[in-house]
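Novice: Sharing a structure, written as structure tokens. Questions coming.
Numbering (mature numbering (1 follows the signal peptide of the UniProt record, and there is no 0)), first residue to last: -21 to -1, 1 to 135.
If you want it as structure tokens, here you go:
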């Protein structure tokens, strides 16, 4: 019986999302008006810079569902500009400091992004994982108590 309980517990632990999931993002990015852009090292010449589009309103340290213009790599206040001859849906210029700008290329809509939807889905399921583990623990305890009562026999 203890083997079955151990196997059940191990199987349940595989279903639990890891705690390290909120550690940080691998790719530096910026979200501008619900568009997700990957920040590159490619320099944008000063003569190709267009109008100011906006700025980072939030530096996001860990994964989550955020709104507005935010980044996992850029400090709050970093400016975005358009690039002459390139549609904003393709790329934008990011202030890299000291008057230099780098290109950020469009990846996808942030609303539809796996980055966003996966985090939101897991956040909605956190309570379900806790409930499932608690139910499994209670069931295992009840089964264990019934088995030990049968083995020990009725007490006088």
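Every residue, glycine too, gets a C-beta built ideally from N, C-alpha and C.
Since this is a predicted model, take the numbers as computed values, not measurements.
Comparing alpha-carbon positions, which option in 40, 33 and 69 lies nearest residue 56?
Specialist: As a position in the chain shown, residue 56 is number 77, starting the count at 1. Of the candidates 40, 33 and 69, the residue whose Cα lies closest to the Cα of residue 56 is 33.
Novice: Given this structure, state the Cα-to-Cα distance separating residue 127 from residue 113, to the nearest angstrom.
Specialist: What you label residue 127 is simply residue 148 of the chain shown in a count that begins at 1. What you label residue 113 is simply residue 134 of the chain shown in a count that begins at 1. Looking at the backbone, the Cα of residue 127 and that of residue 113 are separated by about 21 Å.
Novice: Nearest-angstrom Cα distance between residue 27 and residue 107?
Specialist: For the purposes of this step, residue 27 is taken as residue 48 along the chain shown, with counting starting at 1. For the purposes of this step, residue 107 is taken as residue 128 along the chain shown, with counting starting at 1. Their Cα atoms are separated by approximately 51 Å.
Novice: In whole angstroms, what separates the C-alpha of residue 3 from that of residue 123?
Specialist: In the chain shown, residue 3 corresponds to position 24, counting from 1. In the chain shown, residue 123 corresponds to position 144, counting from 1. Note that residue 3 has pLDDT 39, beneath the 50 cutoff, so the model's placement of it is unreliable and the number below is only indicative. Distance between the alpha carbons of residue 3 and residue 123: 41 Å.
Novice: Quick check on DSSP: helix, strand or coil for residue 66?
Specialist: Counted from its first residue, the chain shown places residue 66 at position 87. In the structure shown, residue 66 sits in coil (DSSP, three-state: anything other than H, G, I, E or B).
Novice: What residue range does the beta strand (DSSP E) around residue 81 cover?
Specialist: Along the chain shown, read from residue 1 onward, the residue named residue 81 stands at position 102. Run containing residue 81: 79 to 88, per the beta strand (DSSP E) assignment.
Novice: Under a Cβ-count criterion, where at least 16 other Cβ atoms within 10 Å of its own Cβ denotes burial, should residue 109 be classed as buried or exposed?
Specialist: Translated into the one-based positions of the chain shown, residue 109 becomes position 130. Answer is exposed; the Cβ neighbour count stays below 16.
Novice: Is it buried or exposed, residue 8, if we count other Cβ atoms within 10 angstroms and call 16 or more buried?
Specialist: Against the chain shown, residue 8 aligns to sequence position 29. Buried: at least 16 other Cβ atoms inside 10 Å.
Novice: Taking residue 42 and residue 81 to be in contact with their CB atoms under 8 Å, please state how far apart those CB atoms are, rounded to whole angstroms.
Specialist: Taking the chain shown and counting its residues from 1, the one referred to as residue 42 is at position 63. Taking the chain shown and counting its residues from 1, the one referred to as residue 81 is at position 102. About 23 Å; that fails the 8 Å criterion.
Novice: In its own chain, which residues sit with a C-beta less than 8 Å from the C-beta of residue 48, not counting the 5 before and 5 after it?
Specialist: Residue 48 sits at position 69 when you count from the first residue of the chain shown. Excluding its 5 nearest sequence neighbours in each direction, residue 48 has C-beta neighbours in its own chain below 8 Å: 9, 10, 11, 12, 33, 34, 35, 36, 37 and 59, listed in chain order.
Novice: Compare the Cα-Cα distances from residue 53 to each of 125, 121, 116 and 16 and report the closest residue.
Specialist: Counted from its first residue, the chain shown places residue 53 at position 74. If we check each option's Cα against that of residue 53, 16 comes out closest.
Novice: If you follow the beta strand (DSSP E) that residue 14 is in, where does it begin and where does it stop?
Specialist: The residue you call residue 14 lines up with position 35 of the chain shown. Counting along the chain, the beta strand (DSSP E) containing residue 14 begins and ends at 14 to 23.
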